[in-house]
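Read top to bottom, the protein sequences are chains U and B. For the record, in the first sequence the residue sitting at position 471 is 471 according to my numbering, with numbers rising by one throughout. For the record, in the second sequence the residue sitting at position 2 is 2 according to my numbering, with numbers rising by one throughout. For each residue, glycine too, the CB sits at the ideal point set by N, CA and C. None of the values given here were measured: they were computed from a predicted structure. Worksheet for the structure shown next.
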Amino acid sequence: MTHLPPDNPPAPLPPDGPAAPPGGAGRLPWTERDTVWHRLHPLSPLVRAGRHLVTIGTLVLVLFFANRKGTGSDLVVNLILVALVLAGGVVSWLVTRWQVADGVLRIETGLVRRQSLRFPLSQVQAIDVVQTGLARVLGLGELRLRMAGADSSGGRLASLPLADAERLRQHLLSMARAPGSLATRAAAVTAPGVVSAGQEPGARDEPRDSGNPGDDRRPGDSRKPSTGVEPGDGGEPGRLIFRVRSRRLAAAIALSRPGVIAAAGIAAMIAVAMLNRQPGVFASLLPLAVGVVLAVWRQFNSDYGATVVVAADGLRLRSGLVQMTAETIRPGRVQAVRLVEPLAWRALGWCRLEVDVAGPRQRRENRSESRRLRALIPVGSRADAEQMISELLTTRPAPSRLPPRSARWKAPLTYHFLAWGSDDRYVVASRGRVCRKTTWVPLEKVQSVRWVQGPLQRKLGLASVRLDVAGKRVTASIQDRGTDEAGEILRWLPGLASDARTRHQAA
Amino acid sequence: MSRGERTGETTPAPPPPSADSGFPAGARDADIRWQRPSPRLLRARRIQAGLVTGPIALLAGLLLGVAASPVAGLGTGLGLVAAGVVAERFLARRVAAWGYAERNDDLMVRRGVMIRRESVIPYGRMQFIDVTAGPVERSLGLATLRMHTAAAASDARIPGLERAEAGKLRDNLAALGETQATGL
Numbered sequence: 001m002t003h004l005p006p007d008n009p010p011a012p013l014p015p016d017g018p019a020a021p022p023g024g025a026g027r028l029p030w031t032e033r034d035t036v037w038h039r040l041h042p043l044s045p046l047v048r049a050g051r052h053l054v055t056i057g058t059l060v061l062v063l064f065f066a067n068r069k070g071t072g073s074d075l076v077v078n079l080i081l082v083a084l085v086l087a088g089g090v091v092s093w094l095v096t097r098w099q100v101a102d103g104v105l106r107i108e109t110g111l112v113r114r115q116s117l118r119f120p121l122s123q124v125q126a127i128d129v130v131q132t133g134l135a136r137v138l139g140l141g142e143l144r145l146r147m148a149g150a151d152s153s154g155g156r157l158a159s160l161p162l163a164d165a166e167r168l169r170q171h172l173l174s175m176a177r178a179p180g181s182l183a184t185r186a187a188a189v190t191a192p193g194v195v196s197a198g199q200e201p202g203a204r205d206e207p208r209d210s211g212n213p214g215d216d217r218r219p220g221d222s223r224k225p226s227t228g229v230e231p232g233d234g235g236e237p238g239r240l241i242f243r244v245r246s247r248r249l250a251a252a253i254a255l256s257r258p259g260v261i262a263a264a265g266i267a268a269m270i271a272v273a274m275l276n277r278q279p280g281v282f283a284s285l286l287p288l289a290v291g292v293v294l295a296v297w298r299q300f301n302s303d304y305g306a307t308v309v310v311a312a313d314g315l316r317l318r319s320g321l322v323q324m325t326a327e328t329i330r331p332g333r334v335q336a337v338r339l340v341e342p343l344a345w346r347a348l349g350w351c352r353l354e355v356d357v358a359g360p361r362q363r364r365e366n367r368s369e370s371r372r373l374r375a376l377i378p379v380g381s382r383a384d385a386e387q388m389i390s391e392l393l394t395t396r397p398a399p400s401r402l403p404p405r406s407a408r409w410k411a412p413l414t415y416h417f418l419a420w421g422s423d424d425r426y427v428v429a430s431r432g433r434v435c436r437k438t439t440w441v442p443l444e445k446v447q448s449v450r451w452v453q454g455p456l457q458r459k460l461g462l463a464s465v466r467l468d469v470a471g472k473r474v475t476a477s478i479q480d481r482g483t484d485e486a487g488e489i490l491r492w493l494p495g496l497a498s499d500a501r502t503r504h505q506a507a
Numbered sequence: 001m002s003r004g005e006r007t008g009e010t011t012p013a014p015p016p017p018s019a020d021s022g023f024p025a026g027a028r029d030a031d032i033r034w035q036r037p038s039p040r041l042l043r044a045r046r047i048q049a050g051l052v053t054g055p056i057a058l059l060a061g062l063l064l065g066v067a068a069s070p071v072a073g074l075g076t077g078l079g080l081v082a083a084g085v086v087a088e089r090f091l092a093r094r095v096a097a098w099g100y101a102e103r104n105d106d107l108m109v110r111r112g113v114m115i116r117r118e119s120v121i122p123y124g125r126m127q128f129i130d131v132t133a134g135p136v137e138r139s140l141g142l143a144t145l146r147m148h149t150a151a152a153a154s155d156a157r158i159p160g161l162e163r164a165e166a167g168k169l170r171d172n173l174a175a176l177g178e179t180q181a182t183g184l
């Protein structure tokens, strides 16, 4: 990667770059001199503490009630606790600074253990803007960089003013497209009009919403934040291809596994309480109930109002009820596409479409969020999924090759869904017991091919072939094929994948 | 080193895995030149198994002998040692199952007796290689080479390589990875 010195004359714009504002007006602080260090927003400690607010609140309450007999001193202890957390945030804010220079985002942080992080933008897989509830009230947003490494965490800038975060994201994304090119840096600066539009409630939202008859937002939706800015909008318009229906989402979650577990759990609790006639049972089961309800709520919160927009810089996803998330999946970064059809949803013709993008396996916070794949379609009709798939894949092989009869003995419960198929671009494999999962993997993304045979499979003359991709946890598994067929796949797939890679690089 | 060489003389090199080893076979498999880890890997594995089994058996035996009855303690200790000996029987087969082959575009690794695995990892997919050697391996002049790809599930580990061989293989793979590298 070569970096042009900052004072190079701007090269002509690349055709796919965002339209530059006439006259190149609206230069941002971070493009003026590339060596300037920036601070995060002064309110970020508050937002950071807000993330733990529920925990702290519970702790304080517990402490308060536990030592209710003692007086004043406990309150002081509690206050000190809160103050400590806040002070920690302030210190971390004080020692954190960031810089964009020569196609690299640098973040320096840490008081005791000083960290200097470098994120080469050409390696960025995706950049998200995330807003927690408190951050939305304060008009702040968090920028998250996702790198490819399987266990390294990405960079985080928490928090920036939302408009700044948006522009910085556009800027970084454009730099990621053409590393080191000054022209794209200048082009990334959005027009001043767009910047100020951030302060006008819904100014950028309306045109797109009105053009969509399938809009299912509740009237008078309180979702529209007081700050008026929703993260994730770039300067350029895109083509909206999917918007989740809120009512369907609620129904779908109720019918999904966590929903059913929650319902069953609550029913069991009520039944136990009725039988015992002792409210004490309730109290003992309460933590469990809170956990389940939280899980369901988190799902609803993260999937609510999900939209997918196709734009030049990739697929723009936005979703969230309280915590807003916006992310852009750059073209060619999708490692796998997975179609999930749970039993109850299948009856209603619904499905879920997920994509896997290379990134850290687990983030420290929001662990539950990163454990799941990114859902492009949290719940949608088959037609929605078909459209999205055709947007993601150029050809679409169907899982048509069925497993040999002997596989029935090894996998009696999954046999009916086992199948695979391929063409010269993709491999598709489906499996699942009651929930059918179909995974497409582009051949040029295959990291390694594994052939596995367990003792039972050997008895039955079966073997499985797994295709690993650089995602979080997707492995396309061609499960339980005849030994000959599996061996053949193992000998033949690496060559096919290598051809696909060569073709991909040439293009 | 002298100890290792002695072991190398006493243990004849195992024959290369044949076609009916239970691993998949293809039409052009004659081109694949399978290589084996050092025969001293078995010795390393035996030492490791002994180092685990011995203290555990001793500790469990002593604890039970003091707490319950000496008979129970002796029984437990001997039982655990017997379990170690049984495990040792499997070690030889497991060690013999390891194999790797450097092909033009990819590395192949096979292993396992109960669960057989064969992986194909293109050189271009390599993110980094590490060579590690634990205390037992080090004392026998062995090393384990692991090739990492961007997929966490990729399984490319070759244990029990001669240290010089491991270094050579590492350099070889690194060079091949560099020339064939592809983006994610």
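For residue j and residue i, the rounded distance between their alpha carbons
| i | j | result |
| --- | --- | --- |
| residue 26 of chain U | residue 317 of chain U | Because the pLDDT of residue 26 of chain U is 39, which lies under 50, any placement of that residue in the model is unreliable, and the question is left without a value. |
| residue 355 of chain U | residue 337 of chain U | 5 Å |
| residue 180 of chain U | residue 50 of chain B | In this prediction, residue 180 of chain U has a pLDDT of 38, which is less than 50 and means its spatial position is unreliable; nothing more can be read from the coordinates. |
| residue 268 of chain U | residue 344 of chain U | 21 Å |
| residue 132 of chain B | residue 244 of chain U | 50 Å |
| residue 377 of chain U | residue 457 of chain U | 36 Å |
| residue 434 of chain U | residue 257 of chain U | 11 Å |
| residue 533 of chain U | residue 335 of chain U | Any question about residue 533 of chain U goes unanswered here, given that chain U covers just 1 to 507. |
| residue 342 of chain U | residue 492 of chain U | 33 Å |
| residue 168 of chain B | residue 141 of chain B | 14 Å |
| residue 166 of chain U | residue 307 of chain U | 17 Å |
| residue 418 of chain U | residue 465 of chain U | 13 Å |
| residue 1 of chain B | residue 39 of chain B | Confidence is the limiting factor: at residue 1 of chain B the pLDDT is only 38, short of 50, which leaves the residue's position unreliable and the question unanswerable from this model. |
| residue 61 of chain B | residue 43 of chain B | 26 Å |
| residue 248 of chain U | residue 292 of chain U | 20 Å |
| residue 474 of chain U | residue 445 of chain U | 12 Å |
| residue 499 of chain U | residue 161 of chain U | 46 Å |
| residue 146 of chain U | residue 155 of chain U | 7 Å |
Nonlocal neighbours in the same chain, by C-beta distance under 7 Å from residue i, ignoring five residues either side
| i | result |
| --- | --- |
| residue 22 of chain B | 116 |
| residue 120 of chain B | 106 and 108 |
| residue 151 of chain B | none |
| residue 10 of chain B | Any answer about residue 10 of chain B is weak, because its pLDDT of 40 lies below 50 and its placement is not dependable; what the coordinates show is given next. Excluding positions up to five away in sequence, the list is empty. |
| residue 431 of chain U | 414, 417, 418, 437, 477 and 479 |
For residue i, the first and last residue of its enclosing beta strand (DSSP E)
| i | result |
| --- | --- |
| residue 433 of chain U | Segment: none, residue 433 of chain U is in no beta strand (DSSP E) and carries neither H nor E. |
| residue 245 of chain U | That residue, residue 245 of chain U, is in no beta strand (DSSP E); it is neither H nor E in DSSP. |
| residue 269 of chain U | Note, residue 269 of chain U: premise wrong, no beta strand (DSSP E); alpha helix (DSSP H) at 257-276. |
| residue 119 of chain U | 115-120 |
Where residue i meets chain B, residues with beta-carbon distance less than 8 Å
| i | result |
| --- | --- |
| residue 383 of chain U | By Cβ distance, chain B contributes nothing, its closest Cβ being about 31 Å from residue 383 of chain U, past 8 Å. |
| residue 407 of chain U | Here the premise fails: no neighbours, minimum Cβ distance about 17 Å. |
| residue 490 of chain U | 24, 26, 118 and 120 |
Under 8 Å from the C-beta of residue i: neighbouring residues of chain U
| i | result |
| --- | --- |
| residue 22 of chain B | 453 and 458 |
| residue 115 of chain B | 452, 453, 454 and 455 |
| residue 156 of chain B | 448 |
Contacts around residue i, its chain only, beta-carbon distance under 8 Å, and the 5 residues preceding and following it disregarded
| i | result |
| --- | --- |
| residue 130 of chain B | 145, 146 and 148 |
| residue 487 of chain U | 451 and 463 |
| residue 43 of chain U | 138, 140 and 159 |
Close beta carbons around residue i, own chain, < 6 Å, minus the five adjacent residues each side
| i | result |
| --- | --- |
| residue 327 of chain U | 126, 128 and 317 |
| residue 513 of chain U | Limits of chain U in this structure are 1 at one end and 507 at the other, which puts residue 513 of chain U out of reach. |
N- and C-terminal bounds of the alpha helix (DSSP H) containing residue i
| i | result |
| --- | --- |
| residue 165 of chain B | 163-180 |
| residue 462 of chain U | Where residue 462 of chain U is concerned, there is no enclosing alpha helix (DSSP H), although the beta strand (DSSP E) it sits in stretches over 462-468. |
Integer Cβ distance of residue i from residue j, believed to fall under 8 Å
| i | j | result |
| --- | --- | --- |
| residue 56 of chain B | residue 136 of chain B | Contact doesn't hold; Cβ gap of about 17 Å is too wide. |
| residue 443 of chain U | residue 426 of chain U | 6 Å |
| residue 93 of chain U | residue 38 of chain U | Not quite, the Cβ-Cβ distance comes to about 12 Å (not below 8 Å), so this is no contact. |
| residue 296 of chain U | residue 241 of chain U | That pair is no contact at about 27 Å. |
| residue 323 of chain U | residue 130 of chain U | 7 Å |
| residue 250 of chain U | residue 300 of chain U | 7 Å |
| residue 449 of chain U | residue 467 of chain U | 6 Å |
| residue 310 of chain U | residue 391 of chain U | 6 Å |
Amino acids of chain U, ordered along the chain, whose beta-carbon sits closer than 7 Å to that of residue i
| i | result |
| --- | --- |
| residue 178 of chain B | Neighbours of residue 178 of chain B on chain U: none; closest Cβ ~15 Å, over 7 Å. |
| residue 125 of chain B | 447 and 448 |
Proximal residues of chain U, C-beta to C-beta of residue i below 9 Å
| i | result |
| --- | --- |
| residue 105 of chain B | 494, 495 and 498 |
Contacts of residue i in chain B (Cβ-Cβ under 7 Å)
| i | result |
| --- | --- |
| residue 475 of chain U | 153 |
| residue 469 of chain U | 151 |
| residue 505 of chain U | 182 |
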